[in-house]
Structures are given as C-alpha cells and as structure tokens.
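Chemist:
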Amino acid sequence: MKCFYHQEIDAVGLCKSCSKGICPECAIDVGGGLACKETCIEAVQSLNALISGNTSKVAQRLRASYFWPAFLMVLGILFIAAPIISGKPPMAYSTISGLAFTGFGVLLAAYQRAFNKAYRRSAQSGSQGGRPPRPPHHLACGSALGGSGRMVK
Ligand SMILES: [Zn+2]
Ligand SMILES: [Zn+2]
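Note that this note's numbering gives residue 251 to position 110 of the sequence shown, counting from 1, and the numbers run on in steps of one.
1) Is any heavy atom of ligand 4 found at a distance shorter than 8 Å from the C-beta of K161?
2) CB of S187 to nearest heavy atom of ligand 1: below 8 Å?
3) Assess contact between the segment 200–215 and the segment 226–237, defined as three or more Cβ pairs (one per stretch) separated by less than 8 Å. Is contact present?
4) DSSP on I150, reduced to helix/strand/coil?
5) Taking the C-alpha atoms as reference points, what is the distance between A190 and S266?
6) Would you identify the three-state DSSP class for G162, choosing helix, strand or coil?
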C-alpha cells in the first residue's frame with residue numbers, strides 16, 4: 142500500500158480518522174494511532190481528548206465520592222483518639238460522637254461502593270448497546286456496501 146499523499150512512498154499505517162494509508166512523512170503519532178499530519182491531526186486529537194476526558198472525569202468523580210466517607214472516618218477516629226493522645230480521661234460525648242462519625246463514614250463508604258458498582262455496570266452496558274466499537278467510517282462503508290444488500294430482499 143502506498144501513501145495517499147505520496148503515491149511513490151510506501152505507507153506505514155492508516156490514519157485513525159480517515160483510514161488513508163500514510164507514509165512516515167505524512168503520519169503523526171497521536172497516541173494509540175496515526176493521523177494525517179496536515180488534515181486529520183486535530184480531528185484525532187479532539188477524539189482522543191473526548192475519550193480520555195470522559196474516562197478521567199468518571200474516575201475523578203468515583204475517587205472524589207470517597208472523600209466524605211474517608212473524612213468522616215478520620216474525624217471520628219480523631220474524636221476517639223484525641224483524649225488518648227492528650228492523656229486526659231476520655232469524655233463520653235467525644236467518644237460517642239467519634240463512634241457516630243466513624244460509623245456514618247463506614248455506612249457512606251459502603252453506600253458509595255454499591256453506587257459505584259451500579260454506575261459502572263450501567264455505564265458499561267450503555268456503551269456496549271449505544272455505541273458500536275467500530276470507527277464511524279467503517280460503519281459508513283459497511284452500511285453503504287453490505288447494508289443495501291441486506292435491506293433489499
Ligand atoms: Zn487522515
Ligand atoms: Zn506521504
């Protein structure tokens with residue numbers, strides 16, 4: 142296969158965006174694929190940013206959601222441990238509120254875990270059902286070529 146832009150040079154790969162054969166001179170590595178340096182680099186980069194942005198945003202949300210449970214647990218442990226550290230006799234209310242904080246934190250963490258599991262499952266099934274794993278241009282080719290054959294009975 143030859144480069145789409147240089148008919149005399151062998152292609153080293155396919156553009157991730159337009160699927161044309163491209164030579165080392167025309168290709169640019171965009172991370173996980175090649176793109177036409179001139180025409181497709183922006184399209185592929187924005188595509189990659191969209192994908193990685195989505196996943197990192199979800200991961201961030203999942204991580205951030207453990208902040209409050211952890212905060213409550215630490216607060217609770219501090220309440221319980223403070224009298225021990227300072228050497229004073231533990232006061233009933235600080236121990237009780239400490240236990241309450243810790244218990245609430247554990248409950249919140251357990252709730253968050255269940256929520257995250259359900260969220261991941263729904264996100265997975267959603268992406269499997271809604272978005273085909275094939276890139277859009279393959280899909281367009283497939284529906285144009287094979288689709289018409291299948292449609293007409
Ligand atoms: Zn391209
Ligand atoms: Zn080329």
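Cβ coordinates follow ideal geometry from the N, Cα and C atoms, glycine included.
Computed from a predicted model, the values in this text were never measured in an experiment.
Modeler: Here's the rundown:
1) Inclusion of ligand 4 in the displayed structure is not the case, the ligand content consisting of ligand 1 and ligand 2 alone.
2) no
3) Taking a contact to require three or more Cβ pairs closer than 8 Å, the segment 200–215 and the segment 226–237 do not qualify as touching.
4) coil
5) 22 Å
6) The answer is strand: DSSP assigns G162 an E or B state.
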